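Worksheet: the structure to be examined is printed underneath.
2 protein chains.
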Amino acid sequence: MKKIKKEEPLDKTPKYTVKEVAKIMSVSAHTVRYYDNEGLIPFVTRTQSNIRMFSDYDLSWFKTVHCLRATDLSISDIKTYINLCLKGNKTIPQRAKIIFNQEKKLQEHLKELQKQMEILQKKKKYYKNLLKNKTNDIWNPYK
Amino acid sequence: MKKIKKEEPLDKTPKYTVKEVAKIMSVSAHTVRYYDNEGLIPFVTRTQSNIRMFSDYDLSWFKTVHCLRATDLSISDIKTYINLCLKGNKTIPQRAKIIFNQEKKLQEHLKELQKQMEILQKKKKYYKNLLKNKTNDIWNPYK
DNA sequence: AATTTGACTTATAGTAACTCTAATGTAGTA
DNA sequence: TACTACATTAGAGTTACTATAAGTCAAATT
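Printed below as a string of structure tokens:
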């Protein structure tokens, strides 16, 4: 029989400032505000003096946004995804499609980058040799 | 004793139109013209009616540019690199530095993307389960 | 108490690298 | 000769930041 691990819901107490979130997520404070202004992090609260405070729950939304952005989904497509999330269970098939597609795209991107890595490493090797044998005659100036 | 393979110099006969280069390199024709206008492909010739024609030699420059761009070097930094190439052997140490640095940056980028891939695959699994057990109670709408 | 510091706010301008549109030119085919 | 299918340039538009300006507010210093 399969054991189901019940996860704890995330803490919704406001804890982190824009700057702290920026640091945790390795992005600029500008970007944090930008994402919030674009409505990508739905429930961020403010202090009585209008300052954004993020909870762990808000952070988890941010992590989702960051993951999708880091894998090159557009802001507007991320917004679509977030809005689907907010509409509840009936949007699961649509959300699943977005995630499956994104995984596929990333797969291809990784493959392409690995191809470029091979080219770069060939160039690296070429230059390493050149730096050793300084007298070498070079006819491919573009390498 | 190490055998040194003497490479053949590349053909400089004009052969490919913008569109053909675009297809070969999997970029848009716009991008091909843009790179040329920016001076990233130094020796592209034109027909008497002013139409760009690329040789295999030009293509090899393009491939270098494409590799650097695909690994996120800025256009202006690529221009710097190309100009160093054109200045001949005395710029080898500077060029080597650019390439070594680029390889390192790509290494890090690949690592980051692999991290994001793990997150995406967790989400994928999550949605696959949801699609199977349609009655599942979901409390993390952001997943 | 007044001032300064510093982190926050919004609004807006600037940037990089395309990406697209418009206006125009040319070469080959019907 | 007109049509089609491309090519050209110049310039506007787009995305996702990124930076700047001008201002608010609260805590710390004088």
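Protein chains in written order, with this note's numbering: chain A, 4 to 146; chain B, 4 to 146. Ideal Cβ positions, reconstructed from N, Cα and C, are used throughout, including at glycine. The structure displayed is predicted, hence computed values, not measured ones.
Short CB-CB distance (under 8 Å) between residue 11 (chain B) and chain A: Residue-level contact check: residue 11 (chain B) does not touch chain A, since none of the beta carbons of chain A fall below 8 Å from its beta carbon.
Report the option in B:63, B:110, B:94 whose CA atom is closest to the CA atom of residue 133 (chain A). Answer by Cα proximity: B:94.
Member of A:73, A:54, A:46 whose CA lies at the smallest distance from the CA of residue 60 (chain A): Residue 60 (chain A) has its Cα closest to that of A:46, out of A:73, A:54, A:46.
Nearest to residue 12 (chain A) by alpha carbon, out of A:84, A:28, A:63? Restricting attention to A:84, A:28, A:63, the CA atom closest to the CA of residue 12 (chain A) is found in A:63.
Quick check on residue 126 (chain A): buried or exposed, where buried means 16 or more other Cβ atoms within 10 Å of its Cβ? Looking at its Cβ environment, which holds 16 or more other Cβ atoms inside 10 Å, residue 126 (chain A) is buried.
First through last residue of the alpha helix (DSSP H) which encompasses residue 35 (chain B): That run of the alpha helix (DSSP H) goes 32 to 40.
Residues that residue 73 (chain A) contacts on chain B, provided the C-beta gap is smaller than 8 Å: For residue 73 (chain A), the chain B residues whose C-beta falls within less than 8 Å of its own C-beta are 115, 116, 119, listed in chain order.
For a test of the three-state rule: what should DSSP assign to residue 103 (chain B), helix, strand or coil? Helix at residue 103 (chain B).
Between the CA atoms of residue 28 (chain B) and residue 118 (chain A) - distance to the nearest angstrom: When rounded, the distance between both Cα atoms is 13 Å.
Would you mind telling me which residues of chain A sit closer than 7 Å to residue 106 (chain B), beta carbon to beta carbon, in chain order? Residues of chain A whose Cβ lies closer than 7 Å to the Cβ of residue 106 (chain B) are, in chain order, 123, 124, 127.
Buried versus exposed, by CB contacts within 10 Å (16 or more), residue 98 (chain A): With 16 or more Cβ atoms within 10 Å of its Cβ, residue 98 (chain A) is classed as buried.
Cβ distance (whole Å) where residue 105 (chain B) is taken to contact residue 67 (chain B) below 8 Å: No, residue 105 (chain B) and residue 67 (chain B) are not in contact; Cβ-Cβ is about 11 Å, not under 8 Å.
Near residue 41 (chain B), which residues of its chain fall below 7 Å by C-beta distance, leaving aside the five closest residues on each side in sequence? Non-local beta-carbon contacts of residue 41 (chain B) in its own chain, meaning distances under 7 Å to residues more than five positions away in sequence, involve 78, 82 in chain order.
Give a yes or no on whether the minimum CB-CB distance between residue 134 (chain A) and chain B is below 8 Å. In terms of beta-carbon proximity, residue 134 (chain A) lines the interface with chain B, with at least one pair separated by less than 8 Å.
Quick one: is residue 81 (chain B) near chain A, going by C-beta distance under 8 Å? No - not a single Cβ of chain A is within 8 Å of the one on residue 81 (chain B).
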